[in-house]
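Number of protein chains: 2
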Amino acid sequence: MKLSAGVEWAIHCCVVLSQADGPVPAQRLAEFHGVSRTYLAKSLQALSRAGLVSSTEGRVGGYVLDRAPRTISVLDVVLAVEGEAPAFRCTEIRQNGPFGAAPKECLRPCGIARVMAEAENAWRASLAAVTIADLAAEVGTLFSAERAAAVRTWLAQ
Amino acid sequence: MKLSAGVEWAIHCCVVLSQADGPVPAQRLAEFHGVSRTYLAKSLQALSRAGLVSSTEGRVGGYVLDRAPRTISVLDVVLAVEGEAPAFRCTEIRQNGPFGAAPKECLRPCGIARVMAEAENAWRASLAAVTIADLAAEVGTLFSAERAAAVRTWLAQ
């Protein structure tokens with residue numbers, strides 16, 4: 029089970045956007061994180077489709093967060109990039125083979141699917157409990173006020 | 029984030045093996061679950077590498093669980109098939125770009141990596157809390173004694 033690299037980029041981008049004074053061009057976000065603009069574009073598009081960021085065109089165009097950072101959870105970002113489907117997909121193999129269960133015996137999800145769904149719920153609940161604002165606050169404790177201001181100026185260029 | 033289909037097959041196989049009277053040939057496990065023997069072989073090999081099952085050759089050869097079902101967690105099976113690595117891999121992009129953090133500022137894992145690791149831990153703890161014996165007990169409540177006996181006889185053929 030692997031999350032795509034785009035998850036890391038997308039979360040970092042949201043934290044950076046939460047600190048910016050205005051729209052940040054995709055090129056700046058790519059340079060800031062030292063990642064390929066082409067690859068990053070896919071993550072930004074995913075965030076946009078999920079309504080977490082929006083982009084504006086023009087001289088001062090770029091990406092902005094579309095919601096307050098304290099209302100965007102890490103889970104929101106992960107699902108935007110990875111899709112809403114759970115990691116485990118039950119293909120109902122209990123209904124296969126010479127002793128397969130009849131459909132009427134399968135009204136309740138398979139015990140294995142339920143165990144996997146519970147784990148997925150625990151994972152999602154953990155990610156839902158942390159917001160972009162929480163992450164930004166932590167970064168804030170590491171960056172001096174001068175460095176944070178320099179970053180904001182650079183992002184706006 | 030997707031788990032491979034082999035996870036579903038491997039868990040079902042472990043539950044079936046926990047109910048068998050003796051070694052079960054790979055062909056029988058494939059037929060029982062209505063899945064390709066070729067694909068299933070990969071899952072069985074993964075379980076074998078992880079020390080969860082072993083196989084014996086010969087006329088009455090086949091797969092057996094190598095540990096008591098109550099000592100094999102769903103997590104053991106999932107990690108056997110998917111590998112031990114966590115779903116999220118931090119590539120330390122906080123150290124990239126014109127404002128990248130210096131290595132000495134990065135002695136502690138990135139806040140984003142820590143959030144992802146906590147969620148992974150919650151997921152793993154949930155899967156670790158359920159054993160193959162638990163799953164088998166639940167299947168037992170659905171199958172009549174006659175049907176369970178018929179399955180055991182068929183598996184041994």
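Those sequence lines, one after another, are chains A and B. Per my numbering, residue 29 is the first one in the first sequence, and the count goes up by one each step. Per my numbering, residue 29 is the first one in the second sequence, and the count goes up by one each step. Just so it is clear, CB atoms sit at the ideal spot from N, CA and C, and this is done for glycine as well.
query: From which residue to which residue does the beta strand (DSSP E) around VAL105 (chain B) run?; result: Counting along the chain, VAL105 (chain B) falls outside any beta strand (DSSP E), though it belongs to the alpha helix (DSSP H) covering 102-110.
query: In the region 57-76 of chain A, which residues sit with their C-beta less than 8 Å from some C-beta in chain B, listed in chain order?; result: GLU59, PHE60, HIS61, GLY62 and VAL63
query: On the criterion of 16 or more Cβ atoms from any shown chain inside 10 Å, does VAL35 (chain B) qualify as buried, or is it exposed?; result: buried
query: Pair every Cβ in the region 82-100 of chain B with every Cβ in the region 147-157 of chain B, then say whether three or more of these pairs are closer than 8 Å.; result: no
query: Residues of the region 105-132 of chain B in Cβ contact with chain A at a cutoff of 9 Å, in chain order, please.; result: VAL106, GLU110, GLY111, ALA113, PRO114, ALA115, PHE116, ARG117, CYS118, THR119, ILE121, ARG122, GLN123, ASN124, GLY125, PRO126, PHE127, GLY128 and ALA129
query: Out of A:ALA129, A:LEU31 and A:PRO51, point me to the one whose CA is closest to ALA184 (chain A)'s CA.; result: A:PRO51
query: What distance in whole Å lies between the Cβ atoms of TRP182 (chain A) and PRO126 (chain B), which are believed to be in contact at a cut-off of 8 Å?; result: 7 Å
query: Find the residues of chain B that neighbour ALA147 (chain A), judging by a C-beta separation of less than 7 Å, and give them in chain order.; result: TRP151, SER154 and LEU155
query: Identify the contact partners of ARG196 (chain B) in chain A, using a Cβ-Cβ distance below 8 Å as the criterion.; result: This structure gives no information on residue 196 (chain B), because the portion of chain B shown stretches from 29 to 185.
query: The beta strand (DSSP E) spanning LEU163 (chain B) covers which residue range?; result: Note, LEU163 (chain B): premise wrong, no beta strand (DSSP E); alpha helix (DSSP H) at 160-170.
query: Figure out for me which residue from A:ALA33, A:SER32, A:ILE39 and A:LYS30 has the closest Cα to the Cα of ASP162 (chain A).; result: A:ILE39
query: Three or more C-beta pairs under 8 Å: does that hold for the region 43-50 of chain A against the region 171-180 of chain A?; result: yes
query: Quick check on the DSSP output: the alpha helix (DSSP H) that includes GLY16 (chain A) runs from which residue to which?; result: The shown model of chain A, from 29 to 185, leaves out residue 16 (chain A), and the question about it has no answer.
query: Judging by CA-CA distance, which residue of B:ILE140, B:VAL109 and B:ALA178 is the nearest neighbour of ALA33 (chain B)?; result: B:VAL109
query: For chain B, check one thing: does any of its Cβ atoms lie closer than 8 Å to the Cβ of LEU170 (chain A)?; result: yes
query: What does LEU163 (chain B) touch in chain A if you count any residue whose Cβ is under 9 Å from its own?; result: GLY139, ILE140 and VAL143
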